[in-house]
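S.K.: Under the working numbering, the residues of the sequence shown are numbered 1368 to 1633, in order.
I'd like to ask some things about the structure below.
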Amino acid sequence: MSFVVLVLVGVLVGITTVLFGFGGGFVTVPIVTVADAALGGDAVRVATATSALVMLVNAAVATASARRGTLGPLRGRTGLFLLLGLGGAVGVAAARFAPDALLRWGFVAYLAVTVADLLLRPGFLRPAAIRAQRGARGGVPTALGLPIGAAAAFLGVGGSVMTVPMMRRAGSSMAAAATLANPLTLAITLPAAAVTLLVPATGLHGADATVGLVGAVDVRAAAALLLGAMPAIVLLRRRPPRLPETVHAWGYLALLVAAGVAVAAG
């Protein structure tokens, strides 16, 4: 896959970061899996590692450029952030020893279960039905920080697939939930990205498997994706689009389906 194409995909990654709080994981993993298909089964491992770095930078830019006051519900949630970070470290360490098939099909299964949950259980597409059922501040209980961080880092998805529906069911709009998901993703991906950059990619096979890699990260793909994503994030933060809640929620759902299909087909 050419550098220019990856830059253009990066623009899409930036858009999803702002609109859906993804940080890029659900776009980055399928794209890098395809771009590094020559690595065979190891392509998913490299994609997961590369996704962690891309999400880290994108989440940091999105958080820094968020409007003052929008992150208020997360103030004082130090325990949640610490557990998310610990879970991120545990998840990325476990991914290094997991079978390649588990990473690929675990990603697909994770999305399939999430899509079914969003369609069948009220509160995401039909939030008005449960507005009175408020959860913890920000909608994400502190106790769930560890499992969310571990699952997100293991699969390279950033955690927003769990946190955005939680915050939406707690009464947040899609725009607010996506904005709050960015610093949560940052907490998960900081230790995950450090591990994937520093630990040699000893699990990869083939004489040329490590060419262009730092640790398990495809730095060329990461650089191209970030080159496209960061300007898009800053622009959309300054001029946020106004989407109807229904369109915004269904767009989130459609992107999950597309990402799962891409990884399964790859």
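We put the CB at the ideal spot given by N, CA and C, even for glycine.
#1: Can you tell me the Cα-Cα spacing of R1412 and A1517, whole angstroms?
#2: Is it the case that the Cβ atoms of V1374 and G1595 are separated by a distance below 8 Å?
#3: To the nearest whole angstrom, what separates the beta carbons of L1451 and A1616, a pair I think is in contact under 8 Å?
#4: Identify whether V1372 lies in helix, strand or coil by the three-state DSSP scheme.
#5: Would you call the region 1449–1464 in contact with the region 1509–1524, where contact means no fewer than 3 C-beta pairs closer than 8 Å?
#6: Do V1524 and F1387 come within 8 Å of each other at the CB atom, strictly closer than that value?
#7: Tell me which residue opens and which closes the alpha helix (DSSP H) that S1527 is part of.
#8: Quick check: what's the CA-CA separation for S1432 versus A1402?
#9: Just the C-alpha distance for M1529 and M1368, rounded to the nearest angstrom, thanks.
#10: Whole alpha helix (DSSP H) runs in the region 1440–1484 with 4 or more residues, listed along the chain?
#11: At the level of alpha carbons, what is the spacing between L1623 and V1459?
#12: Measuring CA to CA, which of G1627, A1629, I1600 is closest to R1434?
#13: Taking C-alpha atoms, which residue in F1474, T1417, V1378 lies nearest to L1580?
#14: State the beta-bridge partners of L1547 as determined by DSSP.
#15: Please go through the same chain and pick out, in chain order, the residues whose beta-carbon is closer than 6 Å to the beta-carbon of P1558, but skip the five residues on each side of it.
#16: How about T1430 and P1608: are their beta carbons less than 8 Å apart?
#17: How would you label G1443, buried or exposed, when you count the other beta carbons within 10 angstroms and need 16 or more for buried?
#18: Determine the DSSP secondary structure at L1553, reduced to helix, strand or coil.
#19: Do you know offhand how far S1540's Cα is from G1618's?
#20: L1486 to A1591, Cα distance in whole Å?
#21: Reducing DSSP to helix, strand and coil, say where V1584 ends up.
#22: Given a cut-off of 8 Å, decide if A1545 and V1396 are closer than it, judged by their beta-carbon atoms.
#23: Classify R1488: buried if its beta carbon has 16 or more other beta carbons within 10 angstroms, exposed otherwise.
#24: What is the rounded straight-line gap between the Cα of L1438 and the Cα of A1548?
#25: Find the nearest neighbour of V1628 within the set A1404, L1603, I1398, G1407, judged by alpha-carbon distance.
#26: Label A1468 either buried or exposed according to how many other C-beta atoms from any shown protein chain fall within 10 Å of its C-beta, with 16 as the threshold for buried.
M.R.: Put simply:
#1: On the sequence shown, residue 1412 is found 45 positions in, with the first residue counted as 1. On the sequence shown, residue 1517 is found 150 positions in, with the first residue counted as 1. In a straight line, the C-alpha of R1412 is about 16 Å away from that of A1517.
#2: Here residue 1374 is taken as the residue at index 7 of the sequence shown, counted from 1. Here residue 1595 is taken as the residue at index 228 of the sequence shown, counted from 1. Their beta carbons are under 8 Å apart, which means V1374 touches G1595 by this criterion.
#3: Within the sequence shown, the letter at position 84 stands for residue 1451. Within the sequence shown, the letter at position 249 stands for residue 1616. That belief does not hold up - the Cβ atoms of L1451 and A1616 are roughly 24 Å apart, past 8 Å.
#4: The residue you call residue 1372 lines up with position 5 of the sequence shown. Helix.
#5: yes
#6: The sequence position of residue 1387 within the sequence shown is 20, counting from 1. The sequence position of residue 1524 within the sequence shown is 157, counting from 1. Going by C-beta atoms, F1387 is not nearer than 8 Å to V1524.
#7: Translated into positions along the sequence shown, residue 1527 becomes position 160. That run of the alpha helix (DSSP H) goes 1527–1536.
#8: Here residue 1432 refers to the residue found at position 65 of the sequence shown. Here residue 1402 refers to the residue found at position 35 of the sequence shown. For S1432 and A1402, the distance between alpha carbons rounds to 30 Å.
#9: In the sequence shown, the residue the question calls residue 1529 occupies position 162. In the sequence shown, the residue the question calls residue 1368 occupies position 1. Roughly 30 Å between the two C-alpha positions.
#10: 1445–1462
#11: Stepping through the sequence shown from its first residue, residue 1623 is reached at position 256. Stepping through the sequence shown from its first residue, residue 1459 is reached at position 92. So the two alpha carbons sit approximately 21 Å from each other.
#12: Along the sequence shown, read from residue 1 onward, the residue named residue 1434 stands at position 67. Selected option, being the one with the closest Cα: I1600.
#13: As a working mapping, residue 1580 is identified with position 213 in the sequence shown. Among F1474, T1417, V1378, the Cα nearest to that of L1580 belongs to T1417.
#14: For the purposes of this step, residue 1547 is identified with residue 180 of the sequence shown, where counting begins at 1. The partner list for L1547 (beta bridge, DSSP) is empty, contrary to what the question assumes.
#15: Taking the first residue of the sequence shown as 1, we reach residue 1558 at position 191. Closer than 6 Å at the Cβ level, and outside the excluded window around P1558, lie G1452, G1455, A1456.
#16: Residue 1430 sits at position 63 when you count from the first residue of the sequence shown. Residue 1608 sits at position 241 when you count from the first residue of the sequence shown. Not a contact, by the Cβ cut-off of 8 Å.
#17: The residue you call residue 1443 lines up with position 76 of the sequence shown. So G1443 counts as exposed.
#18: Here residue 1553 is taken as the residue at index 186 of the sequence shown, counted from 1. DSSP places L1553 in helix when its eight states are reduced to three.
#19: As a position in the sequence shown, residue 1540 is number 173, starting the count at 1. As a position in the sequence shown, residue 1618 is number 251, starting the count at 1. Spanning the two alpha carbons is a distance of roughly 14 Å.
#20: Taking the first residue of the sequence shown as position 1, residue 1486 is located at position 119. Taking the first residue of the sequence shown as position 1, residue 1591 is located at position 224. About 34 Å.
#21: By 1-based counting over the sequence shown, the position of residue 1584 is 217. Reduced to three states, the DSSP call for V1584 is strand.
#22: Taking the sequence shown and counting its residues from 1, the one referred to as residue 1396 is at position 29. Taking the sequence shown and counting its residues from 1, the one referred to as residue 1545 is at position 178. No, the pair does not count as a contact, with Cβ atoms beyond the cut-off.
#23: For the purposes of this step, residue 1488 is taken as residue 121 along the sequence shown, with counting starting at 1. Exposed.
#24: As a first step, residue 1438 must be located in the sequence shown, where it is residue number 71. As a first step, residue 1548 must be located in the sequence shown, where it is residue number 181. Cα to Cα, the separation comes out at about 10 Å.
#25: Walking along the sequence shown from the start, residue 1628 turns up at place 261. Selected option, being the one with the closest Cα: I1398.
#26: As a first step, residue 1468 is located in the sequence shown; it is residue number 101 there, counting from the start. Classification for A1468: exposed.
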